[in-house]
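Numbering (my numbering), first residue to last: 345 to 679. All C-beta atoms in this analysis are idealised placements derived from N, C-alpha and C, irrespective of residue type, glycine included. Fair warning: this is a prediction, and the values are worked out from it, not measured in the lab. I have placed the structure first, in the form of structure tokens, so that the comments after it can refer back to it.
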Amino acid sequence: MLVVLASQGGRVIVAPDKDADGLGSGALMIRALERLGAVPISALPGKGEHVHTPTMQARLCEIGADGLVVLDMGSRAGPIVEGLPTIVIDHHDARETPDAAIYVSSAESEPVAPTGLLTFLLLQSIANVDDLAWLALLATVGDLGADHPFSDELAPLTPGVRKTHVAKAVSLINAARRSASYQPELALRVLLAAEGPQDIARPTKADLQCAVAELEACRAEVNAEVDRVARLPPKIAKNVALIRFSSGAQIHPLIATRWATRLAPKIVLVANDGYLPGRVNFAMRSASQTDLLAYLRGLGLGDVEGEFANGHSRATGGSVPPREFERVLAAMGFA
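Listed below in structure tokens is the structure:
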């Protein structure tokens, strides 16, 4: 599909998620499409959005394109844009699959490859992208960490790339979407302008220096918010530890990850009342082998309004109205 569209100079929407894996995938796809002769158009989710929300789908419909590539934003039943040729590349839990789309997922293939690595491997068959392997590495480290075997497998294609540069680049790219100002467009712009992680970790070009300085400011804000709430004591009910606060920054996943090892084998639930108006956003982590998706689905809540029980079995969360979150807490045993 991509080769055909590119041969016709087609306009292809690239819609990646907003984290390092999603944006790394997006930058890879955009650069590959340019090399093939297509016209890529980036479309990023707004704060609290993803490609399956009506608001983002409405924006995609207005763009006017010949194809759509969705990266790292999960899988749901139904079309994303009716009548638009679509490819979905993903690695999240896949209870549902999109209608009338080419669907490529690593979710059922252990060890599960992140979307950035999967995208790179797919693109290698149709475009010369070996010089972009650093983007796949950044995506992989962002999702799985620097010590995962997948990172080592990319080493032959990324000679001279320093782990410290990759780690800093991942931190800065992720800070853009975690900041209350929410700037994934800035992060994608930096990835597209860079020739390697060193250009993000230690930029020398004036335009990159300015953009990276903005990312540094995002990271400083996120770090300050993490420090503000890091010592809040958890409340315990059965096998769940609850930490709750209000912040405009997307720090609830970071706090959940920090507490998971300390409170093992309990499930850690971190709730943020201030991330989106009229919503409680939450993250769940556990250092044990607990299947968090199965745990949530086993609470017996029936239909839950909002985003609930999607993502990964070891790292999940959601975004629900306050009344629904109180139902969740009650089912977990919190009075």
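Requested in this report: Whole angstroms is fine: what's the gap from D571's alpha carbon to S523's?
Outcome: Here residue 571 is taken as the residue at index 227 of the sequence shown, counted from 1. Here residue 523 is taken as the residue at index 179 of the sequence shown, counted from 1. Whole-angstrom Cα-Cα distance: 14 Å.
Requested in this report: Quick one: grab the DSSP three-state call for F678.
Outcome: Position 334 of the sequence shown, counting from 1, holds the residue named residue 678. F678 falls in the coil class under three-state DSSP.
Query raised in the report: Secondary structure at P384, three-state DSSP: helix, strand or coil?
Result: Residue 384 sits at position 40 when you count from the first residue of the sequence shown. Three-state result, P384: strand.
Query raised in the report: Straight-line CA distance for L607 to G661?
Result: The count along the sequence shown starts at 1 and reaches residue 607 at position 263. The count along the sequence shown starts at 1 and reaches residue 661 at position 317. If you draw a straight line from the Cα of L607 to the Cα of G661, it is about 18 Å long.
Query - Cut-off 6 Å between Cβ atoms - residues of its own chain near A490, not counting five sequence neighbours on either side - result: The residue given as residue 490 occupies position 146 in the sequence shown. Its chain contains K507 as the residues whose beta carbon lies nearer than 6 Å to that of A490, once the 5 sequence neighbours on both sides are disregarded; these appear in chain order.
Query raised in the report: Taking C-alpha atoms, which residue in A382, V624, G368 and L372 lies nearest to V347?
Result: One-based indexing of the sequence shown puts residue 347 at position 3. Ranked by how close their Cα comes to the Cα of V347, the residues A382, V624, G368 and L372 have A382 in first place.
Requested in this report: Can you grab the Cα-Cα spacing for the pair T484 / L476, in whole Å?
Outcome: Taking the sequence shown and counting its residues from 1, one reaches residue 484 at position 140. Taking the sequence shown and counting its residues from 1, one reaches residue 476 at position 132. The alpha-carbon atoms of T484 and L476 are separated by roughly 13 Å.
Query raised in the report: If you count every other CB in all the chains shown that lies within 10 Å of the CB of T399, and 16 or more means buried, which is it?
Result: Counting from 1 along the sequence shown, the entry for residue 399 is found at position 55. When all chains shown are included, T399 counts as exposed.
Query raised in the report: If we count the other Cβ atoms within 10 Å of its Cβ and call it buried at 16 or more, is N472 buried or exposed?
Result: Position 128 of the sequence shown holds residue 472. Label assigned to N472: exposed.
Query - Reduced DSSP secondary structure (H/G/I, E/B, other) of Y526 - result: Your numbering for residue 526 matches position 182 in the sequence shown. Correct three-state label for Y526: coil.
Query - Beta bridge counterpart(s) of R606 as assigned by DSSP - result: Within the sequence shown, residue 606 is the residue found at index 262, counting from 1. Its beta-bridge partners do not exist; DSSP assigns none.
**Report entry** Span of the beta strand (DSSP E), counted from its first residue to its last, around Y619
**Finding:** Numbered from 1 along the sequence shown, position 275 holds the residue referred to as residue 619. Element bounds for Y619: n/a, residue is neither H nor E.
Query raised in the report: From what residue to what residue does the alpha helix (DSSP H) around T660 run?
Result: Numbered from 1 along the sequence shown, position 316 holds the residue referred to as residue 660. Taken as a continuous stretch (DSSP letters only), T660 belongs to no alpha helix (DSSP H), being part of the beta strand (DSSP E) at A659 to V664.
**Report entry** Residue burial classification, I470 (beta-carbon count within 10 angstroms, cutoff 16)
**Finding:** What you label residue 470 is simply residue 126 of the sequence shown in a count that begins at 1. It counts as exposed.
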